[in-house]
Amino acid sequence: MERRKKSIYDLVVGDIVHLSIGDQVPADGIYISGYSLLIDESSLSGESEPVNVYEEKPFLLSGTKVQHGSGKMVITSWYEDRMGKVDGNLNEGGEDETPLQVKLNGVATIIGKIGLTFSVLAFVVLTVRFLVEKALHGEFSDWSSSDALNF
Numbered sequence: 025m026e027r028r029k030k031s032i033y034d035l036v037v038g039d040i041v042h043l044s045i046g047d048q049v050p051a052d053g054i055y056i057s058g059y060s061l062l063i064d065e066s067s068l069s070g071e072s073e074p075v076n077v078y079e080e081k082p083f084l085l086s087g088t089k090v091q092h093g094s095g096k097m098v099i100t101s102w103y104e105d106r107m108g109k110v111d112g113n114l115n116e117g118g119e120d121e122t123p124l125q126v127k128l129n130g131v132a133t134i135i136g137k138i139g140l141t142f143s144v145l146a147f148v149v150l151t152v153r154f155l156v157e158k159a160l161h162g163e164f165s166d167w168s169s170s171d172a173l174n175f
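Residues in the sequence shown are numbered from 25 upward in steps of one, following the working numbering.
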């Protein structure tokens, strides 16, 4: 069989792909042969440890990266199929908050209420002070644009 380069967008189910260090797995597939193939699946699973792929554990997932070794795989499904399933699963996920998020939201709400209370209190105190000073100096009926700067 002749080996040739092909765009990943031209790959179809049944194509055989050669993988080496640094390559991204272009589609879901099954390992055929190779040497010490370690795959980084952290982009899909979040698992930091690389997965050893061999005859007994032959499944390769699209979007993962070859961290060590080399190998051949046969494509069993296309990349968009896999990403569509991942997107669907993410969208299906509930909106449940963790206990930490619930506590943090409570603290944020309390801090917001305290901040609002102090800002309203400061506004009222400064307004009263301004009006009292105007009354004491007998300037209560005299208003000018410079009063805005003294406020």
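Every residue gets a Cβ at the ideal spot worked out from N, C-alpha and C, and that includes glycine.
Item, Value
"What does the alpha-carbon distance come out to for the pair Pro123 and Ile134?", "17 Å"
"By Cβ distance below 8 Å, which residues in the same chain neighbour Glu73 in space, the five residues on each side in sequence not counted?", "none"
"As a quick exercise: from Gln48, Ile32, Ile99 and Val149, pick the residue whose alpha carbon is nearest that of Tyr55.", "Ile99"
"When you compare the region 25 to 35 with the region 52 to 67, are there three or more beta-carbon pairs, one atom per stretch, that lie closer than 8 Å?", "no"
"To the nearest angstrom, how far is it from the Cα of Arg106 to the Cα of His92?", "The predicted position of Arg106 is uncertain, since its pLDDT is 48 and thus under 50; a value taken from the coordinates is nonetheless stated next. Using only the alpha carbons, I get a separation of about 23 Å."
"In the DSSP assignment, the beta strand (DSSP E) including Thr100 goes from what residue to what residue?", "Lys89 to Ser101"
"Within 10 angstroms of its Cβ, does Leu128 collect 16 or more other Cβ (buried), or is it exposed?", "exposed"
"Tell whether a beta-carbon distance below 8 Å holds between Ile40 and Lys96.", "yes"
"Measuring alpha carbon to alpha carbon, tell me which of Asp171, Leu43 and Gly130 ends up nearest Gly87.", "Leu43"
"On the criterion of 16 or more Cβ atoms from any shown chain inside 10 Å, does Val90 qualify as buried, or is it exposed?", "buried"
"Who does Asp52 pair with in a DSSP beta bridge?", "Ser101"
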